[in-house]
Each structure stands twice: as C-alpha cells, then as structure tokens.
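Okay, structure first, notes after.
Numbering (the working numbering), first residue to last: 285 to 1245.
Here's what the structure looks like:
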C-alpha cells in the first residue's frame, strides 16, 4: 500500500464527506487513494463535495460509490459503510432496478427520471420511496467513459404531500357537507376610534384544533392576540378589510407564530362578525418552494453538463437551452427558441427530425433522433438527441401542462469510427489476401534465415579446422626459410606461403559468412572510403567498364570495420563486372536512408531506423528468382568452374549482418542486379587513423606456456617461439596447463587456444592462472571466435587475441606489446619518490589519465598523485569524453591503443574541450606526425620518465602562455 501523507487539494473543505474521504482507508477500494485518482474523477469528486444537492459518483468497472453530505440522509444507516464500495453492495435491494440505468451511463448514454418509485430497506424494514434523478456518463481525459454522475433528490415527502393536498382539496369541496376543514367565526374588537384592532374567536369547529394546533375549547372567547401571541398585524388588517367593505377575500397566509401556512376564505356575516374557512397548506407551500429550488438546481446542473441540454413545452416549442447550445451554434436564445432551433439542423436531416419530434409529442413517448447540427464555423457534426416528458403533476410549464427535458450528445467520433469500420469490412477480403501473402513471404524469409544460420554454423566450424591446418603449414614454411638455399628454393617457399595466405583469406571469408570474425569497427564516412578506393576499383573493373560513383553530399557516418567494408565493396564490384562480361556501366551509390516500420517489415532482418545505404548496381545478365534464393549461400556461384569460389557474396552478407545492418538484392534477368547494403547510422565523429609504423619482429628470453589441443599446431607454435628466443613450456589441454601454473614454475605469458576440449574452458584457465601468478600475461589464439572472449563480433575490453593463421612477425609483435605493458605496470609499482623530490616537482597539474588496463590505470594514478598532481581516470575514450564534458583539465595522458576510439582521436576531440597538452603513452614507436602540444612517453616507463615528461609539459605551457 502506497503511503500518502497529504490529502489532495480537492478534498479541502467539502463538509463531513470530504473529511471522511481524507480519513478513509482506501487500500481495499478498487479505485485506490484519492491522490492517485484520474483528473476527471478528482475534479468531479471535488464538485459534488462542494454541492448542497444530493449527488453520488460511480467510478470504474466495480462502480465504486462516492457521495456528498447532502446524500447522507438518503443512505440512512448505510452511511457508515458505503464510501468506496461497489454500488451493488451499498444498495443490493435496488441494484437489479438501477443496474440497467448505470450500464446505459457507462455506455455513454445519459438518463433522467422524476418521481421514480423505489422500494428501499434503510430503516430496518422495506419502505416505499420516490426519487428524481439523472445519470450522466463521465469521460476521462481520453474521452473514454470511466464512471457516472448521479444527481438525485428524494421526492417521497413531496409525493406524499401532493397526495395529502389532493385529499385536503376534496375535504374543502365537501366543507358544507361534513365541515372537515377548519372554520371559525370572529368578532371585531375596536379601539376608541372604532378601528378594528383585533378579533375574538366566537366559534370553532373540531378541525380548527387540527389545523392550528390550538385547543378549540380554550380558544373560544379569547382574542386572536391572546390565543396566538405574536400574530402579525397584517392578518388582522386583512380581516378588518373584509368587515369594513363587505368584500369577501380568498388568500393564502403564512402565520409564523403558528409556523404554518393556510389557504383561507373570509366572508362578512354582519357589521361586527366575519367567518373564515381555512385549510393548512404548510406542506404544499414547502413543496412548491422546494420544487422551485429543485428546478433552479436542475438548471444550474444542466449548465455544468458537457452536453447540450434543452427544455420544451407540450407544443414542441423549445423554451430553454444551456450555454453549450449557444457556444456550439454561435447563436442567441431569440434565434433558437420556439421553432428557431431548426435553423441549425442540416437541411437533409430536418424532415426526419420534425417527424420524430411530432410523433414523440403526440404519444408522450421518449424522443430519440440522430442528426447533424451546424457549428458556429459552418461545419456540421453528428449528434444523438434524447428527450423525456416530465409527468403532468410535476410540470413547471403551467401554460402547456407538460415539460420536456432533452440532451444532445456529440457522436461524430463514433460516426467516423463506424464509417471506418464499414470501409474495413468492404476491403476485408483484399486485406486478408495481402496479409496471407505477407505471412507467406515472412515464412519464406524465416526458412531462408534458418537455412543460412545452419550453413553458417557449419562453415564456421570448417574455417576453424582449416585455420589450424594452415597454421601448421604456414608455421613450418616460415621455419624452413633459414634452411632453404638458392633463389629457386626461396621462390618456391614464397609461393607456398602465398598459398597459405590465400587459404587464410578463404577461411576469413567463411568466418565472415558465419559472422564469427572479430571485427575492429570505427566510425567512418563511407563516401570518403569509396573515394579513396577509386583507383583500385578502376583497376579491378578494367577499361571496358564505365564506373559511376554517386555519393550524397551530406552522407551520414557509420560504425564499421573499414578493411572488411573495402573487401565487401571490391567483391560486389568484381561480381558486377563479371555479370556484364567485363563491359558495361557499373554504379556505386552512397546515400542516407530512413526505414519506417512498414518498410522494415518487408526486408528480412531489417529494423526501422536511420541507415547509410551503399548500392552496387550493374547492367548485366541478372538473376532468376531461384538463383536469388541461394545467392548468399557459401560456395554457390553461377560463374564457370575456376572463375569463382562462391564466397564473395556470402562474405558480404555475413559481414553486414554481423555489423548490425542488412543486405537487399534486387535483380531481373536481362536487366541487371543491384546489391544494397544498409549500415546503421552513427552520430559520433569520424575516426582519424594515425597508427605508428610497427617495429621489427623481435623476440625475448621470457617463459611462455603454449596450450593447444592440436599436436601439430602446438608444435609449430612452440617452434616459432623457440626460434624467437623464448623459453617454451607446452600443454595439450587446460587441465595440464593449470597444473604447470599451480606447480609454482614461473611463467611470463600464457599462449592458449580459445577452443579447448574438457570441462575447463580457456577463459576460466586464464582467470585462474592470473590468480596464481598475477604478473602473468595472457594471449588467446583461434581460427574461430567464441562468445567467451568476443561479444557481438567485438573483443572484450582488455583481452588480447591473435587470429589463426598468424605469421612469425605477427606473433613476435603481439607478444612484445604485451610484455611492454607488463613492464610499464611494474615500473609504476616502484616505491614513491622522496618528499624532497616531490617538492621539487613542477607545479600541480590537473590531469585526465586514460588507460584500458585496470592495474596499469590504478598504479599510474597513484604515481601522479604522489607527484602532487590532481588525477581523474577513465578506462576508455568514451568515458574520458564524458569527464571532459563535466570539468576542465590541463593535460590529457592517454594510451594510443584504446578500445573504441583511439588515443589520437581522443586527443583531437579533447583539444576542442580546452586541453592544450597531450601526453601519449605506448609500447610502439613514437609517431612523427603529431600536432603542437603533443608529448611521447615510451612504455614501459619509470617514475623518472613520467616526472621528466610532465616537467617538459609544464615548461612548454609556461612558454606558450
């Protein structure tokens, strides 16, 4: 239960029921606490609480019961337990009668009843009661009916009093037959001036006592002022007028001293005597007064209703409208009263409206009709009109003897919905056929996707085994080089190595189709890449092919592996050239594209969004529908034997899908083919490539543990590492490797295949090895990526991977880079410099330090803090940019090889945030093309190295300030 410490403002004031609502436990009520009520419910609840007229509110499907102070007498003993409960539980004995009326209100139809007889059980026994009430639908802010408002008044007393009045009138008519009405004879009492100032009761009948409450026996002989203290002088003057003039007088009088009202007939009997026949009409006067007040309340309520309301006499002429009518029509009362309302009814609808209205007037039946009403701006809207005749004995229109009450409800939205439904029904068969065709296309796409997924898994496994074979062959060939003499031998060796490289390319294409190649995506502008490929594409197509490039001026950026995108475009261009037999027009197009939901549903694998669309279109032979169904499958080709592997288009498909995009092929036999690549748009700035030239492949004397289940691959790896000068240990599986680690034998680097047999997987082996020997470096190798270290085609942060097949140089450079980072961390772990040295350090700088290796990042931050500088750390370029957006820094210290954006790109964007000095830290050689304000820190670096670099930066900043 949600605790609400403060009641909502609409419960301020409102009498006893507002206080009851504030104190009520709403946890058991289906409508919840008032603070959580919808605006419509809260507003209407506040309205009824402030009203003096009996009102109740029903809300929600359970018809939760809310009411105001004026409704409490109606409830009687039920009052204590009625609030918030369903109406069926509050009034169970009348619910069967009321339920249809409530249901009509919930269906959007208002109703009005007067003097409706209802049998209630409210004082411990059934009793007959009469009510006048109306039910109106309450719509929430969305126009949906959420409840109903009931405005009611109990007319039981009025009905009883009316009946009593009829009986009184009958007795009056039989006065002289039985003298049931009150009667007295009075004698004038005069002053010295002979003016009648009082009168004396000389005779009273028994009814006199019943009508006045006075005892006839003690009243006779007394003056009026004696019998009725406080009697008003005006009544004595009225009788004096009858006595003096002899003119009879029939009148009604209110005698406050008796707290009663009378209808009286006074006649002179003699110059001193007069007689009065009278009847108490206190109840009738009160009923008339109450009726007038009720009518006024009804009109006030009608003005508050959102619908149009009107009244009419029995002659059918409208005589009152609420303000909704004037607001809608833009006309005044004088233009609409009588028959003037017909001027705003649509001319086509008016004859039927008049016919229905005349029939209702003649038969006294409820009036219902649908028609269009003209709005003030000239537009017509559909309305549903309902009218009810008020019973004769309650009519306020004395001239006609009958009053009609009506309401007009706007049903234009319902009418529009019905028309739309009819249009839908008219086109149902067509839409069913279209839906069936769409479903069949979707099923076909799903079958094709499942087929490609299955083939992808197969090709991924094949590529993994193929890479292992290539690693054995390539490794042996590289180890043979020192033993091969003569130019001819070297040429054959180079040819064999080239064959291994072609095989590796084939395996890479298989992995691309299987979406298992590790990608290195960066943000680029594809238009720039296409322009840079221009010469290569021209050489690939030949002189007989006209190559046209169309690149949008405002082309968006995309996050993609640029080298794989180059390969994909080259494959598509070569396919297009071959489809045209080496002659024709080939078009490369790069434009922005936005796919809506309905467009995306028609393209398998597509999602709605913004894309960069690259298209390669030829005017060649085209493809049949059957060929299109198999076009992206690996090894499927329509080229002659020996002219293609059938892997080009499958590689493009796998690469695009792995990059979050999708591929679409449109082709027609004899016309040509267009292959469209949709790549998701990136809002980031383009990547600026500035990679230092790699150093020569060198070895070392560290100890390396090689873990590989394939004996031949393991042997090649061991031989290559030994040839580079390393001490090498080997293990055929993860379990035996862990035993070597746990033996305490020092190991500098764990070189392990990702895919290993047994219960212990390679990522878990690496984790446990690091726990045993924290200084250990880990290098994974595989010809097939696993989700253990690669997610969505991208390496986990901090994971080093060398893809198979690898060369001796690739292996040497990768290992030296890892050891350089390790030596850097060890140098940073040295004891802090003496206090005197710190005191001699340059002035404190605000430094943003960026390093993806957590250990190295932590130790570097400690060293910088020990040197007296303020340091903020980040694990990636993206985190660093977020910090730059929050505060300013003096110096950026960043690694070059960061995940995501590189250190060079980060430096460029950091300068836009006000950083003028950048210190690059890397295990590779320094770049020769760095902008002013750039400094280099070679890994591994010592405390002295970093202190000296910061001193150079401080001096440079002082010179340039």
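All residues carry an ideal CB built from backbone N, CA and C; glycine is no exception.
- Message: Starting from residue 326, trace the alpha helix (DSSP H) in both directions and tell me its first and last residue.
- Response: For this step, residue 326 is matched to residue 42 along the chain shown. Its alpha helix (DSSP H) spans residues 323-333.
- Item | Whole-angstrom distance between residue 836 and residue 811, CA atom to CA atom | One-based indexing of the chain shown puts residue 811 at position 527. One-based indexing of the chain shown puts residue 836 at position 552. The straight-line gap from Cα to Cα measures roughly 8 Å.
- Item | Three-state secondary structure (DSSP) of residue 402 | Position 118 of the chain shown, counted from the first residue, corresponds to residue 402. It is a strand residue.
- Query: Can you name, in chain order, every residue of its own chain whose Cβ lies under 7 Å from the Cβ of residue 970, other than the five neighbours on each side?
  - Reply: The residue labelled residue 970 in the question sits at position 686 within the chain shown. Here the set comprises 807, 808, 809, 841.
- Task: Specify the secondary structure class of residue 348 as computed by DSSP and reduced to three states.
- Result: If you number the chain shown from 1, residue 348 lands on position 64. Looking at residue 348 - three-state DSSP - the assignment turns out to be strand.
- Query: Which word fits residue 1036, buried or exposed, when buried means at least 16 other C-beta atoms lie within 10 angstroms of its C-beta?
  - Reply: For the purposes of this step, residue 1036 is taken as the residue at position 752 of the chain shown. Residue 1036 should be labelled buried.
- Query: My guess is that residue 421 and residue 392 are in contact by the Cβ rule of under 8 Å, so how many angstroms apart are they, rounded?
  - Reply: The residue given as residue 421 occupies position 137 in the chain shown. The residue given as residue 392 occupies position 108 in the chain shown. Confirmed, Cβ separation roughly 5 Å.
- Measure the CB-CB distance between residue 491 and residue 528 and report whether it falls below 7 Å. As a position in the chain shown, residue 491 is number 207, starting the count at 1. As a position in the chain shown, residue 528 is number 244, starting the count at 1. It is not a contact, given that the beta carbons lie outside the stated cut-off.
- Reduced DSSP secondary structure (H/G/I, E/B, other) of residue 1120: Residue 1120 sits at position 836 when you count from the first residue of the chain shown. A caution first: residue 1120 carries a pLDDT of 41, below 50, which makes its placement in the model too unreliable to give a value.
- Which of helix, strand or coil does DSSP assign to residue 1163? On the chain shown, residue 1163 is found 879 positions in, with the first residue counted as 1. Of the three classes helix, strand and coil, the one that applies to residue 1163 here is helix, per DSSP.
- What is the C-beta distance between residue 1167 and residue 1132, in whole angstroms, given that I count them as a contact (C-beta under 8 Å)? Taking the first residue of the chain shown as 1, we reach residue 1167 at position 883. Taking the first residue of the chain shown as 1, we reach residue 1132 at position 848. With a Cβ gap of about 6 Å, residue 1167 and residue 1132 count as contacting.
- DSSP-derived helix/strand/coil call for residue 1036: For this step, residue 1036 is matched to residue 752 along the chain shown. Residue 1036 falls in the strand class under three-state DSSP.
- Minimum C-alpha distance to residue 538 - residue among 560, 702, 566: Sequence index remark: in the chain shown, residue 538 carries index 254 (1-based). That would be 566, whose Cα lies nearest to the Cα of residue 538.
- Task: Starting from the Cα of residue 663, find the closest Cα among 506, 613, 369 and give me that residue.
- Result: Position 379 of the chain shown, counted from the first residue, corresponds to residue 663. Closest option to residue 663, Cα to Cα, is 613.
- Query: By DSSP, does residue 700 sit in helix, in strand, or in coil?
  - Reply: Along the chain shown, one-based indexing puts residue 700 at 416. Residue 700: helix per DSSP, three-state reduction.
- Task: Tell me, please, which residues DSSP counts as bridged to residue 690.
- Result: To locate residue 690, count along the chain shown from 1; it is residue 406. The partner list for residue 690 (beta bridge, DSSP) reads 594, 671.
- Using a Cβ-Cβ cut-off of 6 Å (strictly less than) and excluding sequence neighbours within five positions of residue 1198, which residues of its own chain qualify? Your numbering for residue 1198 matches position 914 in the chain shown. Result list for residue 1198: 1172, in chain order.
- Task: Give me whichever residues DSSP pairs with residue 618 in a beta bridge.
- Result: Counting from 1 along the chain shown, the entry for residue 618 is found at position 334. None; residue 618 has no bridge partner.
- Message: Using 7 Å as the threshold, is the C-beta distance between residue 366 and residue 315 below it?
- Response: Within the chain shown, the letter at position 82 stands for residue 366. Within the chain shown, the letter at position 31 stands for residue 315. No, the pair does not count as a contact, with Cβ atoms beyond the cut-off.
- Environment of residue 705 [buried if 16+ CB atoms lie within 10 Å]: Sequence index remark: in the chain shown, residue 705 carries index 421 (1-based). Exposed, since its Cβ has fewer than 16 Cβ neighbours within 10 Å.
- How big is the Cα-Cα spacing for residue 517 and residue 475? What you label residue 517 is simply residue 233 of the chain shown in a count that begins at 1. What you label residue 475 is simply residue 191 of the chain shown in a count that begins at 1. Cα to Cα, the separation comes out at about 14 Å.
- Query: Which residue from 1141, 641, 655, 507 puts its Cα closest to that of residue 632?
  - Reply: What you label residue 632 is simply residue 348 of the chain shown in a count that begins at 1. Taking only the C-alpha atoms, the option nearest residue 632 is 655.
- Do you know offhand how far residue 622's Cα is from residue 700's? For this step, residue 622 is matched to residue 338 along the chain shown. For this step, residue 700 is matched to residue 416 along the chain shown. Looking at the backbone, the Cα of residue 622 and that of residue 700 are separated by about 32 Å.
- Query: Residues in its own chain within less than 6 Å of residue 1062 by CB, not counting five upstream and five downstream?
  - Reply: For the purposes of this step, residue 1062 is taken as residue 778 along the chain shown, with counting starting at 1. Same-chain partners within the cutoff: 1034, 1050.
- Query: Straight-line CA distance for residue 1230 to residue 1000?
  - Reply: As a position in the chain shown, residue 1230 is number 946, starting the count at 1. As a position in the chain shown, residue 1000 is number 716, starting the count at 1. Cα-Cα distance, rounded: 40 Å.
- Have a look at residue 540 and residue 432 and give me their C-alpha separation to the nearest angstrom. Taking the first residue of the chain shown as 1, we reach residue 540 at position 256. Taking the first residue of the chain shown as 1, we reach residue 432 at position 148. Between residue 540 and residue 432, the C-alpha separation is close to 43 Å.
- Task: Counting only runs of 4+ residues fully inside the region 836-905, write out the alpha helix (DSSP H) ranges in chain order.
- Result: 846-863, 881-885
- Evaluate residue 229 with the Cβ neighbour count: other Cβ atoms within 10 Å of its Cβ, from every protein chain shown; 16 or more gives buried, anything less gives exposed. The structure shown has nothing for residue 229, since the chain only spans 285 to 1245.
- Local Cβ density within 10 Å of residue 1186, reported as buried at 16 or more and exposed below that: Within the chain shown, numbered from 1, the residue matching residue 1186 stands at position 902. Buried is the call here.
- Per-residue DSSP class, three states only, for residue 985: Against the chain shown, residue 985 aligns to sequence position 701. Residue state, collapsed to three classes: coil.
- Task: Measure how close the beta-carbons of residue 1019 and residue 1044 come, nearest whole angstrom, since I'm counting them as under 8 Å.
- Result: Here residue 1019 corresponds to residue number 735 of the chain shown, with the count starting at 1. Here residue 1044 corresponds to residue number 760 of the chain shown, with the count starting at 1. Rounded, the Cβ-Cβ distance is 6 Å, consistent with contact.
- Message: Just to confirm my understanding: we take residue 300, look at its own chain, exclude 5 residues before and 5 after, and list those with CB closer than 8 Å. What are they?
- Response: Here residue 300 refers to the residue found at position 16 when the chain shown is read from its first residue. Taken in chain order, the residues that qualify are 353, 356.
- For the candidate residues 878, 780, 320, whose alpha-carbon lies nearest to that of residue 294? Position 10 of the chain shown, counting from 1, holds the residue named residue 294. With distances taken between Cα atoms, residue 294 lies closest to 320.
- Query: To the nearest angstrom, how far is it from the Cα of residue 899 to the Cα of residue 1184?
  - Reply: Along the chain shown, read from residue 1 onward, the residue named residue 899 stands at position 615. Along the chain shown, read from residue 1 onward, the residue named residue 1184 stands at position 900. Answer to the nearest angstrom: the Cα atoms are 27 Å apart.
- Query: Just curious, the beta strand (DSSP E) that residue 1158 is in, first and last residue?
  - Reply: Translated into the one-based positions of the chain shown, residue 1158 becomes position 874. That run of the beta strand (DSSP E) goes 1154-1158.
- Check whether the Cβ of residue 1042 lies closer than 6 Å to any heavy atom of the ligand GDP, and answer yes or no. Of ligands this structure carries none, so the ligand GDP is not represented either.
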